[in-house]
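Presented below is the structure to which this report refers.
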């Protein structure tokens with residue numbers, strides 16, 4: 003037989019009942035079958051006479067019919083003559099019909115419990131499940147006869163199970179099966195297949211001592227698990243979003259943070275008194291380190307004067323500090339005391355002059371007295387005075403400017419001897435200096 007390909011919709015009725023089954027159209031190749039006779043399904047003369055009389059005659063329960071104006075389909079059949087109990091035997095039909103007609107148009111679905119199914123079971127046959135991989139298949143091909151282009155060929159394969167009632171060899175007869183052919187206008191013609199006889203043997207008929215065989219290996223069955231697919235997609239998206247969120251959180255935490263503002267600077271007089279107090283408690287004079295004592299007193303006084311007048315006192319020489327003091331509003335006596343301490347400490351540092359202990363303590367007392375005289379008094383409002391260089395400093399109350407502390411005479415007395423060689427000339431206070439405002 004020819005192999006054919008292209009799918010059509012098919013429908014079949016089983017002997018004696020049109021509702022016994024219907025076939026769903028499936029695309030497949032009609033393969034070769036076992037050896038069998040190809041029989042022309044021309045309706046016998048008795049059927050033709052019955053059709054001419056308008057009364058269809060039943061052939062073993064199959065009632066043929068022909069639509070008005072339709073040509074009778076020509077059916078060739080092939081069915082194997084031998085089979086094995088429990089196995090499938092395939093009835094192959096080759097139907098030549100008019101172009102535009104369809105074989106088994108309504109599909110196939112077995113109706114369980116019908117009388118036709120019972121009759122087919124009595125004959126020892128059964129149809130397998132149509133969706134189990136062994137259902138009926140139909141294939142329609144284009145016309146091959148150029149002289150008759152209006153004729154097309156449809157191949158129909160109908161597998162049936164061989165289920166004899168008794169063991170051993172059995173002879174079963176497949177009853178005629180009606181095949182419906184529908185026209186384009188909806189009219190249906192029915193042709194019946196012939197009776198087919200098949201000899202059925204047991205699967206173990208030729209085995210001397212048959213033994214039970216193990217079950218066949220399982221077959222994989224795959225189905226679409228939508229819930230698992232959705233869950234996998236959701237988990238994948240969650241993982242991606244989680245990674246993005248974690249990266250964004252990491253970047254956000256690593257962002258440059260604003261530097262907290264520095265604490266407000268401590269008042270200059272507070273820092274100066276703290277450093278001078280540390281010098282007094284250090285005991286440099288007891289250890290014979292007068293040079294270090296004078297150096298630290300000079301640094302504390304220079305830093306204080308520079309902060310109050312708006313310059314870096316530690317980076318200026320004594321002469322530069324004298325010029326800055328000359329432009330300031332301090333009294334001349336106060337300027338002379340500050341410059342006297344600075345010049346005496348310069349002699350100790352650069353000329354290796356070593357003063358005695360009381361003189362060194364006098365330097366410390368003079369520096370502390372200057373800081374206390376120029377710092378704001380507790381409970382009073384400090385007045386802001388414009389100083390040279392554009393800096394501002396806190397002036398003491400006017401009634402306190404120029405007052406001498408109680409220990410001032412002692413400091414002057416103790417420092418008269420070294421100061422005689424360095425502070426007699428009024429270098430810190432020019433004669434034409436303006437009085438303080």
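Residue numbers (our numbering): 3 to 439.
Ideal Cβ positions, reconstructed from N, Cα and C, are used throughout, including at glycine.
With 16 or more neighbouring CB atoms inside 10 Å of its own CB, residue 304 falls in the buried class. Taking the CA atoms as reference points, residue 271 sits about 32 Å from residue 260.
Inclusion of residue 340 and residue 332 in the CB contact set at 9 Å is warranted, their separation being smaller than that value. Around the beta carbon of residue 283, fewer than 16 other beta carbons sit within 10 angstroms, so the residue counts as exposed.
Judged by beta-carbon spacing, residue 174 lies within the 9 Å limit of residue 199, meaning their Cβ atoms are closer than that value. C-alpha of residue 86 to C-alpha of residue 203: approximately 5 Å in a straight line.
Taking the Cα positions, residue 201 is about 13 Å away from residue 168. For residue 173, the enclosing beta strand (DSSP E) has its first and last residue at 172-176. The three-state reading of DSSP puts residue 77 in strand, counting E and B together.
Counting other Cβ atoms within 10 Å of its Cβ, residue 323 reaches 16 or more and is therefore classed as buried. Counting the other Cβ atoms within 10 Å of the Cβ of residue 330 gives 16 or more, which makes it buried. Out of 371, 235, 258, the CA that lies nearest to the CA of residue 274 is found in 371.
In the structure shown, the three-state DSSP call for residue 128 is strand. For residue 180, no alpha helix (DSSP H) run applies; the uninterrupted beta strand (DSSP E) run containing it begins and ends at 180-184, by DSSP. For residue 91, the enclosing beta strand (DSSP E) has its first and last residue at 90-100. The C-alpha of residue 129 is placed about 12 Å away from the C-alpha of residue 121. In the three-state reduction of the DSSP assignment, residue 360 falls in the helix class, which pools H, G and I. Residue 160 is bridged by DSSP to 93.
Under the three-state reduction of DSSP output, residue 246 falls in the helix class.
For the pair of segments examined, the segment 209-227 was found not to touch the segment 91-99: the number of CB pairs separated by less than 8 Å stays below three.
Cα atoms of residue 88 and residue 224: separation of roughly 26 Å, rounded to the nearest angstrom. Its Cα nearest to that of residue 289, the residue 358 stands out among 327, 227, 358, 328.
Residues 314, 315 of the same chain have their beta carbon placed closer than 6 Å to that of residue 308, with the five preceding and five following residues left out of the count. In the three-state reduction of the DSSP assignment, residue 200 falls in the strand class. Taken in chain order, the whole alpha helix (DSSP H) runs of length 4 or more contained in the segment 277-317 are 292-311. Annotated three-state conformation of residue 150 is coil, per DSSP.
Contact between residue 286 and residue 295 holds, with the beta-carbon distance rounding to 4 Å and staying under 8 Å. Our two residues, residue 217 and residue 90, have alpha carbons roughly 19 Å apart in a direct line.
CA-CA distance, residue 72 to residue 132, rounds to 30 Å. Fully enclosed alpha helix (DSSP H) runs of no fewer than 4 residues occupy 320-328 of the segment 315-344, in order along the chain. By a beta-carbon distance limit of 8 Å, residue 195 does not contact residue 65. Their separation comes to about 13 Å.
For residue 64, there is no enclosing beta strand (DSSP E), as DSSP gives it neither H nor E. DSSP, reduced to helix, strand and coil, places residue 261 outside both helices and strands of the structure shown, so it counts as coil.
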